[in-house]
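*Asks:* Sharing a structure, written as structure tokens. Questions coming.
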Amino acid sequence: MYEVRLTQTSERQLKKLDKPVQERIILLLERIRINPIPHVKRLAGQQYYRLRAGDYRIILQIEQEKLLILVIEIGRRENIYD
Numbered sequence: 001m002y003e004v005r006l007t008q009t010s011e012r013q014l015k016k017l018d019k020p021v022q023e024r025i026i027l028l029l030e031r032i033r034i035n036p037i038p039h040v041k042r043l044a045g046q047q048y049y050r051l052r053a054g055d056y057r058i059i060l061q062i063e064q065e066k067l068l069i070l071v072i073e074i075g076r077r078e079n080i081y082d
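Be aware that the sequence shown starts at 1, since it is given in the numbering used here, and climbs by one per residue.
Here you go:
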């Protein structure tokens, strides 16, 4: 099973969100710990992956050899890719 870690930036972004949105994102991250690859999509031309959570996107880095999911950024769909 993969370990999920949040960067300081993503932790701050998560805390700013409404409680129901926070809970949805945390539940989604817990759910993908077993096998994240079928649930994420690779970002074009980058090493990062994207996970959808309603109107929010979670940018991830997956290190398969370490079984680690690193949450880079969390934000609304229209702002996250800037």
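Note that beta-carbon positions come from the ideal geometry of N, C-alpha and C, so glycine has one too.
Please return the same chain residues whose Cβ sits closer than 6 Å to the Cβ of Leu70, not counting the five positions on each side in sequence.
*Replies:* So the qualifying residues of the chain are Arg5, Gln61.
*Asks:* Determine which residues share a DSSP beta bridge with Glu73 and list them.
*Replies:* Ile59
*Asks:* Can the beta-carbon of Arg24 be found closer than 8 Å to that of Gly54?
*Replies:* yes
*Asks:* Three-state secondary structure (DSSP) at Arg31?
*Replies:* In the structure shown, Arg31 sits in a helix (DSSP, three-state: H, G or I).
*Asks:* Once the 5 residues before and after Glu73 are set aside, which same chain residues still bring their CB inside 6 Å of it?
*Replies:* Ser10, Ile59
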